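Colleague:
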Amino acid sequence: MAPEITRVETMEFEYPLEDLGTDGNGFNLVYEPGSTLQATQLALKVHTDVDVTGEYVLVTSTAPDQIETYAEYLVGKNPLKRERHWSEIKRALRKYDRMGIGPLDIALWDFAGKYYDAPIHELLGTYQTEFPAYASTYHGDENGGLDSPEAFADFAEECLELGYQGFKIHGWGGSDEARDIQREVETVHAVGERVGDEMDLMFDPACEYETFADALKVGRACDDHDFFWYEDPYRDGGISQHGHRKLGEMLETPLLQTEHVRGLEPHADFVVNDATDFVRTDPEYDAGITGAMKVVHMAEAFGLDVEFHAPGPAHRHCIAATRNTNYYELALVHPDCNNTTPPIYEGGYSDQLEAIDETGRVEVPDGPGLGVDYNWDYIEDNLTGDVHVFD
3 MAPEITRVET MEFEYPLEDL GTDGNGFNLV YEPGSTLQAT QLALKVHTDV
53 DVTGEYVLVT STAPDQIETY AEYLVGKNPL KRERHWSEIK RALRKYDRMG
103 IGPLDIALWD FAGKYYDAPI HELLGTYQTE FPAYASTYHG DENGGLDSPE
153 AFADFAEECL ELGYQGFKIH GWGGSDEARD IQREVETVHA VGERVGDEMD
203 LMFDPACEYE TFADALKVGR ACDDHDFFWY EDPYRDGGIS QHGHRKLGEM
253 LETPLLQTEH VRGLEPHADF VVNDATDFVR TDPEYDAGIT GAMKVVHMAE
303 AFGLDVEFHA PGPAHRHCIA ATRNTNYYEL ALVHPDCNNT TPPIYEGGYS
353 DQLEAIDETG RVEVPDGPGL GVDYNWDYIE DNLTGDVHVF D
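Take 3 as the starting number for the sequence shown in my numbering and just add one per residue.
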């Protein structure tokens, strides 16, 4: 008899983020000593009739309201028919961005790994089990942390000493005063001059620049120091194929786009229209491990590399099964505070700054499924009250 899903459970929990606040507009997290933010996150369980449960706790953000629109569809279905479920749910969410597909697809992969007693990367087809990470910073602040070009350069040097082979800058934002293009340019030069001969450098303005001209100016500074890539620079929101094709024609630094387009087909359109050099994907954003690996193989067909957005166990399993990729994003890191990962992992799994080995690498978990153990007591002790059961 095939296994059957008996119920789907989602629960929202909260946890504190110490020494973190937001910038002037409230959209970017920045270092703020003495401040505490309360973060919320979503945890999922897919229960079955074979005493194996698929689990996943998110690491970034998604669309829980979308999950609720299709969770009941899964009840009574075979959890191993991931491709069928992916296709049906993709069609059902055609009027939305489909970000709600990812978390439950990952939980179904976790079930499959536990069911077959194998890590997910083995089900996908293992290519590697360890890979280099790059240090991906918080946004610049005005609070004594990453508050100057020199501070970014100092931190890049610290990350180099820890073993990191790559370093990515997220510049300033949040107000017209903070968004100083000259300071961004100076930061590129400061970091490039300090460690550019020893590390791969990346720059990600996170769509903060208000004009194409500003994006071009910072991109040309990246050219001066042979940056590895330049990512999501200006206010198109990261989705203009025409704009990024034009920008790429004027720069030597490769562009990394598609974090903010959803789905396989828009990713392929970016590639076909020469609007990016590296391709971005994320199993949470791009319809799960199923969707992310479709992007991987699409890019492979065009001879391009894929770079995964954000850290997490699902991301590690995808990278472990990918030939055409270079780095694991260890984000968001800072010299004076932890990243935003909730304290829910048991058994030593970590995505903090010190998670790399002496060569700057991380390993894929080798247990069944995702290969991580969640602290469900912590999650249940910190519920916000929003628990939903679909049966």
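Positions of the beta carbon are idealized from the N, C-alpha and C atoms, including for glycine.
Just so we're clear, the structure is a prediction, and the values are computed from it rather than from any experiment.
Measuring alpha carbon to alpha carbon, tell me which of Thr327, Ala223, Glu195, Leu249 ends up nearest threonine 283.
Modeller: Translated into positions along the sequence shown, residue 283 becomes position 281. Among Thr327, Ala223, Glu195, Leu249, the Cα nearest to that of threonine 283 is on Thr327.
Colleague: Could I get the ranges of all uninterrupted alpha helix (DSSP H) runs contained in the stretch 103-140, with 4 residues as the minimum, in chain order?
Modeller: Taking only runs of at least 4 residues, the alpha helix (DSSP H) segments lying wholly in the stretch 103-140 are 103-118, 122-126.
Colleague: On a Cα-Cα basis, can you pick out the residue from Glu6, Thr38, Asn27, Met3 that is closest to leucine 19?
Modeller: Counting from one through the sequence shown, the residue named residue 19 turns up at place 17. Checking every option, the nearest Cα to that of leucine 19 belongs to Thr38.
Colleague: As an exercise, report each continuous alpha helix (DSSP H) stretch of at least 4 residues that is fully enclosed by the stretch 214-277, in chain order.
Modeller: If we require 4 residues or more, the alpha helix (DSSP H) runs fully inside the stretch 214-277 come out as 214-226, 243-252, 266-274.
Colleague: Taking buried to mean at least 16 other C-beta atoms within 10 Å of its own C-beta, is alanine 301 buried or exposed?
Modeller: The sequence position of residue 301 within the sequence shown is 299, counting from 1. It counts as buried.
Colleague: If you draw a straight line from the C-alpha of aspartate 234 to the C-alpha of leucine 258, how long is it?
Modeller: Here residue 234 refers to the residue found at position 232 of the sequence shown. Here residue 258 refers to the residue found at position 256 of the sequence shown. Aspartate 234 and leucine 258: Cα-Cα distance of roughly 7 Å.
Colleague: Have a look at the DSSP bridge pairing and note the partners of glycine 371.
Modeller: Counting from 1 along the sequence shown, the entry for residue 371 is found at position 369. Partner(s): Pro121.
Colleague: I need the straight-line Cα distance from alanine 137 to tyrosine 166, nearest angstrom please.
Modeller: Reading the sequence shown from its first residue, position 135 is the one you call residue 137. Reading the sequence shown from its first residue, position 164 is the one you call residue 166. Using only the alpha carbons, I get a separation of about 7 Å.
Colleague: Quick one: what does DSSP say arginine 181 is sitting in, helix, strand or coil?
Modeller: On the sequence shown, position 179 is the one that residue 181 refers to. Looking at arginine 181 - three-state DSSP - the assignment turns out to be coil, as it is neither helix nor strand.
Colleague: Would arginine 264 pass as a contact of aspartate 99 if the rule is Cβ separation under 8 Å?
Modeller: Against the sequence shown, residue 264 aligns to sequence position 262. Against the sequence shown, residue 99 aligns to sequence position 97. Taking 8 Å as the Cβ cut-off, arginine 264 and aspartate 99 qualify as a contacting pair.
Colleague: How big is the Cα-Cα spacing for methionine 204 and isoleucine 321?
Modeller: If you number the sequence shown from 1, residue 204 lands on position 202. If you number the sequence shown from 1, residue 321 lands on position 319. About 19 Å.
Colleague: Would you tell me roughly how many angstroms separate the C-alpha atoms of tyrosine 72 and proline 66, rounded to the nearest one?
Modeller: Numbered from its first residue, the sequence shown carries residue 72 at position 70. Numbered from its first residue, the sequence shown carries residue 66 at position 64. C-alpha separation (whole angstroms): 11 Å.
Colleague: Excluding the 5 residues preceding and the 5 following leucine 162 in the sequence, name in chain order all residues of the same chain whose CB lies nearer than 8 Å to its CB.
Modeller: Counting from one through the sequence shown, the residue named residue 162 turns up at place 160. Phe169, Val197, Glu200, Met201, listed in sequence order.
Colleague: I'd like the list of long-range same chain contacts for tryptophan 111, defined as Cβ closer than 6 Å, with 5 residues on each side in sequence excluded.
Modeller: For this step, residue 111 is matched to residue 109 along the sequence shown. So the qualifying residues of the chain are Ile122, Ile291.
Colleague: Using DSSP's beta-bridge definition, name the partner residues of glutamate 20.
Modeller: By one-based count along the sequence shown, residue 20 stands at place 18. Looking at the DSSP assignment, glutamate 20 forms a beta bridge with Thr38.
Colleague: Over what stretch of residues does the alpha helix (DSSP H) that includes glutamate 85 continue unbroken?
Modeller: The residue labelled residue 85 in the question sits at position 83 within the sequence shown. Segment 84-94, the alpha helix (DSSP H) holding glutamate 85.
Colleague: Grab the span of the beta strand (DSSP E) containing glycine 293 for me, first residue to last.
Modeller: By 1-based counting over the sequence shown, the position of residue 293 is 291. Segment 290-303 is the alpha helix (DSSP H) holding glycine 293; no beta strand (DSSP E) there.
Colleague: Please list, in chain order, all residues of the same chain as alanine 155 whose beta carbon is under 6 Å from its beta carbon, the five residues on each side excluded.
Modeller: Your numbering for residue 155 matches position 153 in the sequence shown. Taken in chain order, the residues that qualify are Ala192, Val193, Arg196.
Colleague: Would DSSP call glutamine 68 helix, strand or coil?
Modeller: Reading the sequence shown from its first residue, position 66 is the one you call residue 68. Helix.
Colleague: Just list the residues that DSSP pairs glutamate 331 with in beta bridges.
Modeller: Counting from one through the sequence shown, the residue named residue 331 turns up at place 329. According to DSSP, which records beta bridges pairwise, glutamate 331 is partnered with Tyr136.
Colleague: So what does DSSP say about valine 48, is it helix, strand or coil?
Modeller: By 1-based counting over the sequence shown, the position of residue 48 is 46. Three-state DSSP puts valine 48 in a strand.
Colleague: Let me know the secondary structure DSSP gives valine 190 once reduced to three states.
Modeller: Reading the sequence shown from its first residue, position 188 is the one you call residue 190. Looking at valine 190 - three-state DSSP - the assignment turns out to be helix.
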